[in-house]
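Q:
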Amino acid sequence: MNILLLYPEMPETFWSMKYLMKMISKKSSYPPLGLLTVSKLLPNKWEKKLVDLNVTNLKSGDVEWADYIFISAMNVQIEYAKKAIRFCKLFNKKIVAGGPLFTHEFEKFPDVDYFILNEAEITLPLFIEDINHGTPKKYYTTKDFADVTQSPLPDWSLIDLNKYAYAIVQYSRGCPYMCDFCDVTALFGRRPRTKTAAQIIEELNKILELGHPEIILFADDNLIGNRVDLKKNLLPALIDWRRNNKTAPGFATQVTINLSDDEEMMRLMIEAGFRNIFVGIESINELSLEDCKKTQNLRRDILENIKLLQKKGFIVTGGFIVGFDSDNETVFDEQINFIQKSGIVLATVNILKAPPGTDLNKKLQIENRLIEPFDFDENKTNIITKMDHRVLYNGYKKILDNIYDPKKIYERSHQFISNYGLHKAEIPIQKEVTFYDLIVLCKIICFSGFIGKGRIYFWKLIIGTFFMNKKNIVQALLFGAMMFQFQKLHDKFMVSYQKISSQNLEYQNQ
Ligand code: SF4
1 MNILLLYPEM PETFWSMKYL MKMISKKSSY PPLGLLTVSK LLPNKWEKKL
51 VDLNVTNLKS GDVEWADYIF ISAMNVQIEY AKKAIRFCKL FNKKIVAGGP
101 LFTHEFEKFP DVDYFILNEA EITLPLFIED INHGTPKKYY TTKDFADVTQ
151 SPLPDWSLID LNKYAYAIVQ YSRGCPYMCD FCDVTALFGR RPRTKTAAQI
201 IEELNKILEL GHPEIILFAD DNLIGNRVDL KKNLLPALID WRRNNKTAPG
251 FATQVTINLS DDEEMMRLMI EAGFRNIFVG IESINELSLE DCKKTQNLRR
301 DILENIKLLQ KKGFIVTGGF IVGFDSDNET VFDEQINFIQ KSGIVLATVN
351 ILKAPPGTDL NKKLQIENRL IEPFDFDENK TNIITKMDHR VLYNGYKKIL
401 DNIYDPKKIY ERSHQFISNY GLHKAEIPIQ KEVTFYDLIV LCKIICFSGF
451 IGKGRIYFWK LIIGTFFMNK KNIVQALLFG AMMFQFQKLH DKFMVSYQKI
501 SSQNLEYQNQ
């Protein structure tokens, strides 16, 4: 049996960082971990091929070769998933679909032959058994959660790791919190299930055998969801591993803000090599945090928490949302001021949306406040918001105009770099400079230092850092590269802003 594993393209969003990828000579941010794991769940004797459309094109020959095409995608990839399915159907192939997009929105894909929904560790073996008996069903679903200690090592043989900026592992699934706009608990439950430390070390060793990515991403929704296991098992094992692999890349992950309450956890994470963390801040308006049940962010000084995390050695990326029912017109300036004061260089701001499968979606359905289609684009919403939509959209634009302005990025970078580096990890991450690094350096200088609109601020940042804190020069170069990436994201936003504004105008003139 020949199986083609197909991963659709990612649209241009904050997360895909397409321009940054070009600068660092990579094709895509991270490999499709789900499909690499699915490959190992399929019988050994089946032939497998993986085509990641973020890295390469889909050739007719690949489709013709396959008996079944397995496609997996996240909600953000919906349009590209539809396009890929349409193409495969021209060859009359059987399509098998799984992953978060199909689990929540399978009804939008009439051309798919079989849906392997929820966690593949449970549903895929049922499908394989039925295929072997010649009696496959259309839907495979479950209410149970998989025992991830039984998940196989991903099939890294299917990809060229060097085409990706990050390598990727996953330690836990599930999150104890209940933010109502998030589908994690619906997909993976509230009790975080964790792999064993030995599984993760085996995965990391395999990654180092295959290449040397810039960062290894722990693709957990909330790494610190199961604190006991993390402190007792995984972090000590990672610290030992790093002692023996001094030039291994640093780690990135997602955590909740209450990491800053736990001295021991912060110390262990830094020693283990975690540097880049994404924190969902969402809002500094307490009423809005209550609206969305983000209880872990309530009654705390978030600004001080962020500063503490930075002082400890973490590079914080912050997620923000506007458009909650309790937001009023002051929210936009408040967010701009907060982001500037925080020294968070990488900030992503979304208009609140209600993804399928979330509690918010259910609530708004009852209130009759949902609009189609749902789109994960940062600047779109499927909600009839309480705030006038034009006020919301203009306020959102104001935030982006501010935070993606090169001068403002420079100010945040400067602020961050002057505080960062106070920590001293016992086991520092050592980087060997290679020929590839020199090429990347030339590209960053060329794009951000000569072509980009913010070139003056790029040079101010680099020269300032050189005299102030040489140790952080690599970080300053990365922030400089981000100025170019953000400028492109802002340009893209302006195109859609002008389109929507002119639609409004036409509507008013009718
Ligand atoms: S903490 Fe993060 S992963 Fe957990 S429910 Fe909230 S948004 Fe989702």
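Counting in the working numbering, the sequence shown runs from 1 upward without gaps.
Here a beta-carbon is modelled for each residue, glycine too, at the ideal position from N, C-alpha and C.
Per DSSP, I277 is paired with what?
A: By 1-based counting over the sequence shown, the position of residue 277 is 277. Partner(s): T253, V316.
Q: Start and end of the beta strand (DSSP E) containing Y166?
A: One-based indexing of the sequence shown puts residue 166 at position 166. It spans 166–169 - the beta strand (DSSP E) in which Y166 sits, taken as one unbroken run.
Q: Under three-state DSSP, which class holds L392?
A: Residue numbering aside, residue 392 sits at position 392 when the sequence shown is read from its first letter. The answer is helix: DSSP assigns L392 an H, G or I state.
Q: Mind pulling the beta strand (DSSP E) runs of 3 or more residues that sit fully within the segment 152–206?
A: Segments of the beta strand (DSSP E) lying fully in the segment 152–206: 166–169.
Q: Can you give me the C-alpha to C-alpha distance between D405 and Q475, rounded to a whole angstrom?
A: The sequence position of residue 405 within the sequence shown is 405, counting from 1. The sequence position of residue 475 within the sequence shown is 475, counting from 1. Straight-line Cα distance between these residues: approximately 19 angstroms.
Q: Under 6 angstroms Cβ to Cβ from R275, same chain only, skipping five residues before and after it: list those, please.
A: Counting from one through the sequence shown, the residue named residue 275 turns up at place 275. These residues qualify, in order along the chain: G250, I315.
Q: Checking the sheet assignment: what are the DSSP bridge partners for N2?
A: In the sequence shown, the residue the question calls residue 2 occupies position 2. N2 is bridged to E47.
Q: Taking only three categories from DSSP, how would you classify Y507?
A: Here residue 507 corresponds to residue number 507 of the sequence shown, with the count starting at 1. Interpretation of Y507 is limited by its pLDDT of 43, a score under 50 that renders its predicted location unreliable; the figure taken from the coordinates is listed afterwards. Three-state DSSP puts Y507 in a helix.
Q: Tell me the rounded alpha-carbon separation between F458 and N394.
A: Taking the sequence shown and counting its residues from 1, one reaches residue 458 at position 458. Taking the sequence shown and counting its residues from 1, one reaches residue 394 at position 394. Answer to the nearest angstrom: the Cα atoms are 28 angstroms apart.
Q: Given a threshold of 16 other Cβ atoms within 10 Å of its Cβ, counted over all protein chains shown, does Q510 qualify as buried or as exposed?
A: Indexing the sequence shown from 1 puts residue 510 at position 510. In this predicted model, Q510 has a pLDDT of only 42, less than 50, meaning its place in the structure is not dependable enough to derive any value.
Q: Tell me the DSSP secondary structure of N337 in three-state form.
A: Looking up residue 337 in the sequence shown gives position 337. DSSP places N337 in helix when its eight states are reduced to three.
Q: Any heavy atom of the ligand SF4 inside 7 angstroms of the beta-carbon of Y164?
A: For the purposes of this step, residue 164 is identified with residue 164 of the sequence shown, where counting begins at 1. No, the Cβ of Y164 stays beyond 7 angstroms of every heavy atom of the ligand SF4.
Q: Give the C-beta separation of V322 and Y396 to the nearest angstrom, bearing in mind that I take them to be a contact with Cβ-Cβ under 8 angstroms.
A: Position 322 of the sequence shown, counting from 1, holds the residue named residue 322. Position 396 of the sequence shown, counting from 1, holds the residue named residue 396. V322 to Y396, Cβ: 6 angstroms. Contact.
Q: Just tell me which of N350, T256, Y30 has its CA closest to the CA of D375.
A: Counting from 1 along the sequence shown, the entry for residue 375 is found at position 375. When only C-alpha atoms are compared, the closest one is N350.
Q: Using a threshold of 8 angstroms, state whether the C-beta atoms of A481 and L161 are closer than that.
A: Residue 481 sits at position 481 when you count from the first residue of the sequence shown. Residue 161 sits at position 161 when you count from the first residue of the sequence shown. Against a cut-off of 8 angstroms, the Cβ pair of L161 and A481 comes out as no contact.
Q: For A237, name the three-state secondary structure that DSSP assigns.
A: On the sequence shown, residue 237 is found 237 positions in, with the first residue counted as 1. Helix.
Q: Counting along the chain, where does the beta strand (DSSP E) carrying I344 start and finish?
A: Translated into the one-based positions of the sequence shown, residue 344 becomes position 344. Note, I344: premise wrong, no beta strand (DSSP E); not H, not E.
Q: How about K293 and C446: do their beta carbons lie closer than 8 angstroms?
A: Working through the sequence shown from its first residue, we reach residue 293 at position 293. Working through the sequence shown from its first residue, we reach residue 446 at position 446. No, Cβ-Cβ distance for K293 and C446 is not below 8 angstroms.
Q: Leaving out the 5 sequence neighbours to the left and right, which residues in its chain are closer than 8 angstroms to Q310 when beta-carbon positions are compared?
A: As a working mapping, residue 310 is identified with position 310 in the sequence shown. For Q310, where only same-chain residues beyond five positions count, the Cβ hits under 8 angstroms are V316, G343, F416, N419, Y420.
Q: Can you name the residues that DSSP bridges to I85?
A: For the purposes of this step, residue 85 is taken as residue 85 along the sequence shown, with counting starting at 1. Note: I85 sits in no beta bridge, so no partner.
Q: Is C446 near the ligand SF4, with its Cβ less than 7 angstroms from a heavy atom?
A: Within the sequence shown, numbered from 1, the residue matching residue 446 stands at position 446. Not under cutoff, so the answer is no.
Q: Roughly how far, in whole angstroms, is the beta-carbon of P356 from the beta-carbon of H104, given that I think they are within contact range, below 8 angstroms?
A: The sequence position of residue 356 within the sequence shown is 356, counting from 1. The sequence position of residue 104 within the sequence shown is 104, counting from 1. Yes, P356 and H104 are in contact; Cβ-Cβ is about 4 angstroms, under 8 angstroms.
Q: Between the Cα of E378 and those of K232, L400, I371, A84, spot the shortest distance and give me the residue it belongs to.
A: Within the sequence shown, the letter at position 378 stands for residue 378. Of the listed residues, the one whose Cα sits closest to E378 is L400.
Q: Cα-Cα, which of T348, K312, L234 is closest to E282?
A: Translated into the one-based positions of the sequence shown, residue 282 becomes position 282. The residue with the shortest Cα to Cα distance from E282 is T348.
Q: Taking the alpha carbon of L90 as the point to measure from, which residue in G61, K108, E107 has its own alpha carbon closest?
A: One-based indexing of the sequence shown puts residue 90 at position 90. With distances taken between Cα atoms, L90 lies closest to G61.
Q: If you compare alpha carbons, which of H490, F324, R191, A73 is closest to G34?
A: Along the sequence shown, read from residue 1 onward, the residue named residue 34 stands at position 34. Here the closest residue by C-alpha is A73.
Q: Here's a check: name, in chain order, each residue in its chain whose Cβ is nearer than 6 angstroms to the Cβ of D183, leaving out the five neighbours to either side.
A: Position 183 of the sequence shown, counting from 1, holds the residue named residue 183. For D183, where only same-chain residues beyond five positions count, the Cβ hits under 6 angstroms are P355, G357, T358.
Q: Note down, in chain order, each residue of its chain lying with its Cβ closer than 8 angstroms to the Cβ of Q508, except the 5 sequence neighbours on either side.
A: Against the sequence shown, residue 508 aligns to sequence position 508. Its pLDDT being 43, under 50, Q508 is placed unreliably by the model, and the measurement read from it follows with that caveat. Counting only Cβ-Cβ distances below 8 angstroms, and skipping sequence neighbours, we find nothing.
Q: Can you give the beta carbon distance from V345 to R412, rounded, assuming they're within the 8 angstroms contact cut?
A: Residue 345 sits at position 345 when you count from the first residue of the sequence shown. Residue 412 sits at position 412 when you count from the first residue of the sequence shown. V345 to R412, Cβ: 5 angstroms. Contact.
Q: Within the continuous alpha helix (DSSP H) that includes S60, where are the two ends?
A: Here residue 60 is taken as the residue at index 60 of the sequence shown, counted from 1. Run containing S60: 60–65, per the alpha helix (DSSP H) assignment.
Q: For the putative contact between D325 and D291, defined by C-beta atoms under 8 angstroms, what is the C-beta separation to the nearest angstrom?
A: Residue numbering aside, residue 325 sits at position 325 when the sequence shown is read from its first letter. Residue numbering aside, residue 291 sits at position 291 when the sequence shown is read from its first letter. Their Cβ separation, rounded to whole angstroms, is 5 angstroms, which keeps D325 and D291 in contact under 8 angstroms.
Q: Taking just the CA atoms, how far does E426 sit from A252?
A: In the sequence shown, counting from the first residue as 1, residue 252 sits at position 252. In the sequence shown, counting from the first residue as 1, residue 426 sits at position 426. If you take the alpha carbons of A252 and E426, they lie about 19 angstroms apart.
Q: Measure the C-alpha to C-alpha separation of V148 and A197 and round it to an integer number of angstroms.
A: Position 148 of the sequence shown, counted from the first residue, corresponds to residue 148. Position 197 of the sequence shown, counted from the first residue, corresponds to residue 197. Rounded to whole angstroms, V148 to A197 spans 12 angstroms at the Cα level.
Q: Given P43, which residues of its chain have a CB within under 7 angstroms of its CB, disregarding the five upstream and five downstream residues?
A: Your numbering for residue 43 matches position 43 in the sequence shown. Excluding positions up to five away in sequence, the list reads I128.
Q: Using a Cβ-based criterion (distance less than 7 angstroms to any ligand heavy atom), does N222 qualify as near the ligand SF4?
A: Walking along the sequence shown from the start, residue 222 turns up at place 222. Checking every heavy atom of the ligand SF4 against the Cβ of N222, one is found closer than 7 angstroms.
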